[in-house]
Amino acid sequence: MSSQDPKPKKNLIIDTDLFSDVDDAGALLLASTSPHINLLGVLVNKPSTYSVLAASAIVSYYTPSQSKSIPIGVFRHPTSDGTVIPLPDTTFLDVVHWHLGEFVSKIAYQFGSPSSPDYVKKPEGPSIPWGHAEDAWDAVHLYRKLLSEADDESVTIVSIGFLDNLSLLLDSLSDSFSPLTGRQLISQKVAELVVMGGRYPEGRSWNFFGSDPDSPHHNGGRGLGLGPKGTANVVNNWPTLQRDGWKGRVVYVSDEVGGNVLTGAELVKKGPKGDPVGRAYGYYAYGEARPSWDPVAVLYAIDGLGELFKYDERYGHGRNWVNEKDGSNRWILEVETKNQFVLALKADHETVAREIDGLFLEGVLSAVTERDGP
């Protein structure tokens, strides 16, 4: 590659719990509109028809010229007899603050249904059109397909939700997509895993326990996933250099990092009125800025450390560990482990917020220009 050749795009897979917080929508906006990213697919780890449809509608809207729709997969709970449990039609209800609004079903319909005036038709349409959520890929099958087709050590996975899909991928066996096991596929194809979740040096984080079917869910329902056992499987058993020859790294983004990075209000105020993520922030927070847990994780995955981020020096040469009973985590100092890191802000949170807000606006305007012309 000559010095004039552009830097190759990074292959990215997003694994999201798009449902009960709008920052997932902001993260999808960043991933869909970054000129540095080849978005391979979106995996939904919150089993809901509206989560699937909204994810499809959002990425379809922001990739108008992409000839092939970005595939969407969804968590399917394993059953002993192999039957597929239908996705629930549940919607979000804020039973904690009684303030936040539901947005996922609205975005799913308004930007995914041909009956809506906001629907923007692509040559192939959204990968999962309104009313067809059950057509979404099984998440493990999609993971295995995407990884098997990718170059070695070329894929970055960003988990911005529950780790259930990744747990099932890790335990998966050879199939028609690849003769490799899930562990072998990860070791061969994945360059980096970015996980938004955990508290450091120890604590308990929603993303690490919130899908537990035996625990009350934020929206008044109950989790439909693997819960802490799935999280512990991923965090405690992810491939390592010593055991599996994996040369990649794992970066954890704690709850505290994005909690004070408040974004989204500028998009509602200055963005085009027909923009799905701007509208989502309006529905969810009524134009107020929101914490940027997931956009921070995705921004790091896209650009690396740069001027905004650093690895927290307090957690060098160590690894994360999760209790499979309650999802609490603890950082364990371990000299031989050199490829796990905890992300921290290098810049102040206002600077990071301005960067994300700027990228939000830049992304939505580029999508409008790409679709309608200058």
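Offset between the sequence shown (1-based) and this note's numbering: plus 7.
Glycine residues also receive a C-beta, built at the ideal position from the N, C-alpha and C atoms.
Small disclaimer: the values here were computed from a predicted structure and weren't measured.
Status (buried if at least 16 other CB within 10 Å, exposed otherwise) for residue i
| i | result |
| --- | --- |
| R5 | Any property of residue 5 remains undetermined from this structure, which presents the chain solely from 8 to 381. |
| I20 | buried |
| T376 | exposed |
| R250 | exposed |
| T86 | exposed |
| Y57 | buried |
| G252 | exposed |
| N240 | buried |
| T23 | buried |
Segment limits, beta strand (DSSP E) that includes residue i
| i | result |
| --- | --- |
| D80 | The residue you asked about is not Asp; residue 80 is Gly in the sequence shown. That run of the beta strand (DSSP E) goes I79 to V81. |
| S335 | S335 to L340 |
| N18 | K17 to T23 |
| R256 | R256 to V260 |
| G210 | E209 to R211 |
Cβ pair residue i, residue j closer than 9 Å
| i | j | result |
| --- | --- | --- |
| I164 | W300 | no |
| R1 | K113 | The shown model of the chain, from 8 to 381, leaves out residue 1, and the question about it has no answer. |
| S134 | V66 | yes |
| V51 | G33 | no |
| A308 | K17 | yes |
| K152 | F184 | yes |
| L315 | A354 | yes |
| D30 | G271 | yes |
| S212 | L231 | no |
| G119 | Y291 | no |
| L366 | L312 | no |
| E209 | N336 | yes |
| V371 | D310 | no |
| L94 | Y69 | no |
| L180 | S155 | no |
Start-to-end residues for the alpha helix (DSSP H) that takes in residue i
| i | result |
| --- | --- |
| I164 | Note, I164: premise wrong, no alpha helix (DSSP H); beta strand (DSSP E) at V162 to I167. |
| G189 | G189 to K196 |
| E331 | Where E331 is concerned, there is no enclosing alpha helix (DSSP H), given that its DSSP letter is neither H nor E. |
| N52 | Careful: N52 lies outside any alpha helix (DSSP H) and carries neither H nor E. |
| Y116 | V111 to Q117 |
| G232 | It is not in any alpha helix (DSSP H) - G232 carries neither H nor E in the DSSP assignment. |
| D31 | D30 to T40 |
| Y290 | P283 to A292 |
| N172 | D171 to D178 |
| I65 | T56 to Y69 |
| P302 | W300 to D310 |
| Q249 | L248 to D251 |
| K152 | A146 to E156 |
For residue i, the residue or residues it bridges with in DSSP
| i | result |
| --- | --- |
| F316 | L352 |
| R326 | I339 |
| I44 | K17 |
Rounded Cβ spacing between residue i and residue j (contact assumed at less than 8 Å)
| i | j | result |
| --- | --- | --- |
| E160 | P235 | Their Cβ separation, rounded to whole angstroms, is 30 Å, which puts E160 and P235 out of contact at 8 Å. |
| L6 | P298 | What is shown of the chain runs 8 to 381, which leaves residue 6 out entirely. |
| F26 | F99 | 6 Å |
| V260 | V201 | 7 Å |
| D319 | V349 | 4 Å |
| R190 | A146 | Rounded, the Cβ-Cβ distance is 17 Å, inconsistent with contact. |
CB contact check: residue i to chain D, cutoff 9 Å
| i | result |
| --- | --- |
| D101 | Checking the listed chains, one finds no chain D in this structure; it contains a single protein chain. |
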